[in-house]
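Accompanying notes for the structure given below.
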Amino acid sequence: MKKVCLLLTVVLLWATPLLAFNLNDHVTVSTNGKGDLLIYPMYIAGDGIYTQFTVINTSNTRSAVAKVVVRGAKYSQELLDFLIFLSPNDVFKAKIEYVNGQYQLTTTDGSLCLANGECASSDNPMSFPLAAPCDGQEVQNYGYIEVFEATTFNIAKGEDGTVSKQTIVNNYAEAERMTTENILSGMEEVFLTGSDYTTIPVTVLKSYGNNQKLTVGALTSLGAGSNNNLCEIESALSKENLVIPYYQGSVSIFTFPTKLSSCPDSDGNIVAQGPYFDPVNPVYSLNYYDLEEHTHTSQCLVSPCPENPELNLPDEVNLITLNSPFEEGWARAVFGKSVACLDLSGSQIQYTGSPVIPLVVHFTSDGLSVDTVAYDYATMNYNGQDVTGIYQAGLAASTVTPSEECSPNNLAACTTQVSCNGAGGVWYNNSCITSDACSNLGGSVQDGVCVISGGGDTGTTVPQCDGLGENDCKNTDGCIWNPLMGTCSLNCGQYTDETSCNSAFDGNSCQWQNVLGMDVCVPK
Amino acid sequence: MSKWWLLVVVFLAVGCSGIRHQIKVENQVELDKEFIRRVVSYWQNRYNLEVKSAFSQEAPYVQEMVSLEKYANYLKLYVKQTPILTKVSLKKVTKQNKSDVCLDVELFLRYKDKTVKRELEDCWLKLRKTWYHVLRNPLIFPELN
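If you read the sequences in order, they're chains A and B.
Everything in the first sequence is counted per the working numbering, starting at 9 for the first residue and increasing by one.
Everything in the second sequence is counted per the working numbering, starting at 857 for the first residue and increasing by one.
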């Protein structure tokens, strides 16, 4: 009986559109600079330039283990990875440079310890060359860096008031369950040897929630082995418009850490991982403004874009010289692509924008600087509810419910037959629907109630969803609205046999699965 | 043989380039003497802020795509603290064929209170019997990537 009840709960959850949901249990961009996933959007080395970066454990009590992954700019090829062991208040520092004829990471920081227990120090500096580029096409001289917090520990400090590295290493070796906290922060600097330098802002994400033991050598990538998949990460990063101030010759940096295309296969094909990149690369338009509101537009509406490097974003880290007709001003970059994907709970997220990390490099006779840019949040729906800005910023409300006002445009909020009929709806199976929806069900309206032919057994009839408009679809049990396709189709839970289930497409794609000993059709 | 080349290059570097400071050249590569002279001359021009001379030694496509003004600002970035180029060390050839060469170069720069070594992979291409420098800096000149 318990199994049946639980199964029914599972089936009902899949079959019923979610009207309330929790906004506090997914990854977001940290607003206070502390989190459990750091993305350094660009490193660069060579031509007398090196990049220095730090990882900071901001906790006064918890030790942290993190994995650093260095990736190439073209295909996110993993060029280097290693673990760092941070005691409370500890900082890890390293640099990427061209030395002794190779691109390498160099550190004297004791937080980097190898499997044999050997840790770096000023007496024992360690250098690790970046991996050779795949197929000779990836680049080593620039790319980006990820830091995944693997886990944290509450380890008692020693008599000297610190936690020894060996203790953290040992604890991690024995750890079976990962416990992450939003305690990491970081900084990145680019140096022109003996000359100038600038900082690069770090993107900090919080509540990413790694849940797997991270090791060196094994591939670690965004959305794998964590409480958030690529859909959720892209949604957190999504932006619709960018505000890019420029001088003549300024350079925009567009980093797409969710693309994860890896190296081309034997046929030269590249397969991106993030749902944003399915099926094609991003297109965008650039509107230039000068200091007097005059404007000029560069636009690419259909991919492939014309031969203008300004409008093409083929790589993971794209550097674009802003070729404005004006000497100075600002540019608006608009990303108009709509993406629909599922989070780990199976809820549908749809956003219009791009999961880009943007920066701008100003280079004038006065020197070099790298800055963040302002932006608008991507327009976003979560299971059909508008959560623009709420989702990305992880704003305060723990639940969001739709408007509770019963009206012709919101029949779902009508909870009595009287209010339903008053709003122009028809009462059916304790919910309020339109008369069209009643007809689609094969019923007729009698005294404000939808009566189904053949006895009105409202619990067993498979609903007719094809052809329903958005409101009717949302008001019909067993139907699901696909905002991207603009169509209404049967919810997976309505399919009762494997063949029809596996070939169904209700915007989610369905699969036949055994749940608690019973075969049911659920979203993929 | 290499010591003889060293003396020749130093003489050429001092006599032909009109530099203000004497530069020591360490040559560990087996390459054409004219090419070596060109490499040393180029780096002298850059650190002496002889913008037009250095610019004329960049590959033609660089001269076409990059403005002289932007190039000048780029050179100024590296001499902000007025370093003096004291030594050029040609360490190793990393790539070589008939019309292009890359080599590991170390530039020794003296500042007020320290000497700094700048290591880079320096690439050159040959067009119509003349060697040109291949400028590569994706942060400042992404258009050259």
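Positions of the beta carbon are idealized from the N, C-alpha and C atoms, including for glycine.
Count the other CB atoms within 10 Å of the CB of B:Tyr903; is the residue buried (16 or more) or exposed (fewer)? Within the second sequence, residue 903 of chain B is the residue found at index 47, counting from 1. Looking at its Cβ environment, which holds 16 or more other Cβ atoms inside 10 Å, B:Tyr903 is buried.
Closest by C-alpha distance to A:Pro96, when choosing among A:Thr303, A:Glu146 and A:Lys165: Numbered from 1 along the first sequence, position 88 holds the residue referred to as residue 96 of chain A. Cα-wise, what sits closest to A:Pro96 is A:Lys165.
Should A:Gly361 be labelled buried (16 or more other beta-carbon atoms within 10 Å of its own) or exposed? Position 353 of the first sequence, counted from the first residue, corresponds to residue 361 of chain A. A:Gly361 is buried by the Cβ-count criterion.
According to DSSP, simplified to helix, strand and coil, what is B:Tyr898? For the purposes of this step, residue 898 of chain B is taken as the residue at position 42 of the second sequence. Here B:Tyr898 sits in helix by DSSP.
Just checking, does the region 203-215 of chain A make contact with the region 80-94 of chain A on the three C-beta pairs under 8 angstroms criterion? no
Buried versus exposed, by CB contacts within 10 Å (16 or more), A:Asn277: Numbered from 1 along the first sequence, position 269 holds the residue referred to as residue 277 of chain A. With fewer than 16 other Cβ atoms within 10 Å, it is exposed.
Can you grab the Cα-Cα spacing for the pair A:Thr424 / A:Asn479, in whole Å? Position 416 of the first sequence, counting from 1, holds the residue named residue 424 of chain A. Position 471 of the first sequence, counting from 1, holds the residue named residue 479 of chain A. Those two C-alpha atoms are separated by around 18 angstroms.
A:Ser243 (DSSP reduced to helix, strand or coil): Residue numbering aside, residue 243 of chain A sits at position 235 when the first sequence is read from its first letter. A:Ser243 falls in the helix class under three-state DSSP.
What separation, rounded to the nearest whole angstrom, lies between the Cα atoms of B:Tyr988 and B:Lys948? Locating residue 988 of chain B in the second sequence gives position 132, where the first residue counts as 1. Locating residue 948 of chain B in the second sequence gives position 92, where the first residue counts as 1. If you take the alpha carbons of B:Tyr988 and B:Lys948, they lie about 19 angstroms apart.
Taking 8 angstroms as the cut-off, decide whether the C-beta atoms of A:Ser6 and A:Glu240 are in contact. In the structure as shown, chain A begins at 9 and stops at 532. Residue 6 of chain A is therefore absent and cannot be evaluated.
Any beta carbon of chain A sitting closer than 8 angstroms to that of B:Ala929? Walking along the second sequence from the start, residue 929 of chain B turns up at place 73. The identity of residue 929 of chain B in the sequence shown is Asn, whereas the question assumes Ala. Closer than 8 angstroms to some Cβ of chain A, the Cβ of B:Asn929 qualifies, so yes.
Closer than 9 angstroms, Cβ to Cβ, to anything on chain B: give me those residues from the region 193-205 of chain A, in chain order. Val198, Leu200, Thr201, Gly202, Ser203 and Asp204
At the level of alpha carbons, what is the spacing between A:Pro317 and A:Tyr390? Within the first sequence, numbered from 1, the residue matching residue 317 of chain A stands at position 309. Within the first sequence, numbered from 1, the residue matching residue 390 of chain A stands at position 382. Since pLDDT at A:Pro317 reaches only 35, below the 50 mark, its modelled position is unreliable, and the value read off the structure follows with that caveat. Rounded to the nearest angstrom, the two C-alpha atoms are 35 angstroms apart.
For the region 132-164 of chain A, which residues have a CB atom closer than 9 angstroms to at least one CB atom of chain B, in sequence order? Val147, Asn149 and Tyr150
In three-state DSSP terms, what is A:Met388? Position 380 of the first sequence, counted from the start, is the residue given in the question as residue 388 of chain A. Correct three-state label for A:Met388: strand.
Could you say which of A:Gly118, A:Asn218 and A:Pro333 lies nearest to A:Leu46 if we only look at CA atoms? As a working mapping, residue 46 of chain A is identified with position 38 in the first sequence. Checked all of A:Gly118, A:Asn218 and A:Pro333; the closest Cα to A:Leu46 is A:Asn218.
Chain B beta carbons: is any one of them nearer than 8 angstroms to that of A:Leu376? On the first sequence, position 368 is the one that residue 376 of chain A refers to. It does; some Cβ of chain B falls within 8 angstroms.
Answer with buried or exposed for A:Ser346, where buried requires no fewer than 16 other C-beta atoms within 10 angstroms of its C-beta. The residue you call residue 346 of chain A lines up with position 338 of the first sequence. Per the 10 Å Cβ criterion, exposed.
Just tell me which of A:Asn499, A:Thr495, A:Leu498 and A:Gln519 has its CA closest to the CA of A:Glu506. The residue you call residue 506 of chain A lines up with position 498 of the first sequence. The shortest C-alpha separation from A:Glu506 is found at A:Gln519.
Should the region 955-962 of chain B be called in touch with the region 972-985 of chain B, which here means at least 3 C-beta pairs below 8 angstroms? yes
Start and end residues, alpha helix (DSSP H) containing A:Cys509: Taking the first sequence and counting its residues from 1, one reaches residue 509 of chain A at position 501. Segment Glu506 to Asn510, the alpha helix (DSSP H) holding A:Cys509.
Are the CB atoms of A:Thr266 and A:Leu238 nearer to each other than 8 angstroms? One-based indexing of the first sequence puts residue 266 of chain A at position 258. One-based indexing of the first sequence puts residue 238 of chain A at position 230. Contact: yes.
Rounded to whole angstroms, what is the Cα-Cα separation between B:Glu925 and B:Tyr898? To locate residue 925 of chain B, count along the second sequence from 1; it is residue 69. To locate residue 898 of chain B, count along the second sequence from 1; it is residue 42. The straight-line gap from Cα to Cα measures roughly 18 angstroms.
Classify A:Ser67: buried if its beta carbon has 16 or more other beta carbons within 10 angstroms, exposed otherwise. As a first step, residue 67 of chain A is located in the first sequence; it is residue number 59 there, counting from the start. Flag for A:Ser67 reads buried.
Along the chain, where does the beta strand (DSSP E) that runs through B:Met921 open and close? Taking the second sequence and counting its residues from 1, the one referred to as residue 921 of chain B is at position 65. Taken as a continuous stretch (DSSP letters only), B:Met921 belongs to no beta strand (DSSP E), being part of the alpha helix (DSSP H) at Pro916 to Met921.
Would A:Leu250 pass as a contact of A:Pro366 if the rule is Cβ separation under 8 angstroms? Along the first sequence, read from residue 1 onward, the residue named residue 250 of chain A stands at position 242. Along the first sequence, read from residue 1 onward, the residue named residue 366 of chain A stands at position 358. Result yes, Cβ atoms of A:Leu250 and A:Pro366 sit closer than 8 angstroms.
With a threshold of 8 angstroms, are at least 3 pairs of Cβ atoms found where one atom belongs to the region 348-356 of chain A and the other to the region 189-202 of chain A? no
Measure how close the beta-carbons of A:Lys214 and A:Ser38 come, nearest whole angstrom, since I'm counting them as under 8 angstroms. For the purposes of this step, residue 214 of chain A is identified with residue 206 of the first sequence, where counting begins at 1. For the purposes of this step, residue 38 of chain A is identified with residue 30 of the first sequence, where counting begins at 1. Correct: roughly 4 angstroms between the Cβ atoms.
I want to see whether chain A comes within less than 8 angstroms of B:Leu905, judged by CB atoms only; does it? What you label residue 905 of chain B is simply residue 49 of the second sequence in a count that begins at 1. Chain A, which has no Cβ nearer than 8 angstroms to the Cβ of B:Leu905, makes this no.
Between B:Arg974 and chain A, is the shortest Cβ-Cβ distance under 8 angstroms, so that the two count as touching? On the second sequence, residue 974 of chain B is found 118 positions in, with the first residue counted as 1. At least one chain A Cβ lies under 8 angstroms of B:Arg974.
Hey, how far is the Cα of B:Thr986 from the Cα of A:Tyr399? Numbered from 1 along the second sequence, position 130 holds the residue referred to as residue 986 of chain B. Numbered from 1 along the first sequence, position 391 holds the residue referred to as residue 399 of chain A. Going by the C-alpha atoms only, they are around 59 angstroms apart.
Using 8 angstroms as the threshold, is the C-beta distance between A:Leu192 and A:Asn65 below it? For the purposes of this step, residue 192 of chain A is taken as residue 184 along the first sequence, with counting starting at 1. For the purposes of this step, residue 65 of chain A is taken as residue 57 along the first sequence, with counting starting at 1. Yes, Cβ-Cβ distance for A:Leu192 and A:Asn65 is below 8 angstroms.
Along the chain, where does the alpha helix (DSSP H) that runs through A:Glu336 open and close? Position 328 of the first sequence, counting from 1, holds the residue named residue 336 of chain A. Not the alpha helix (DSSP H): A:Glu336 falls in the beta strand (DSSP E), residues Glu336 to Val342.
At what residues does the alpha helix (DSSP H) containing B:Phe911 begin and finish? Within the second sequence, numbered from 1, the residue matching residue 911 of chain B stands at position 55. Element bounds for B:Phe911: Val907 to Ser912.
What would DSSP say about A:Ile52, mapped onto helix, strand or coil? If you number the first sequence from 1, residue 52 of chain A lands on position 44. Looking at A:Ile52 - three-state DSSP - the assignment turns out to be strand.
Determine the contact status of A:Tyr152 and A:Tyr51, defining contact as a CB-CB distance below 8 angstroms. Position 144 of the first sequence, counting from 1, holds the residue named residue 152 of chain A. Position 43 of the first sequence, counting from 1, holds the residue named residue 51 of chain A. Yes, these two residues count as a Cβ contact at 8 angstroms.
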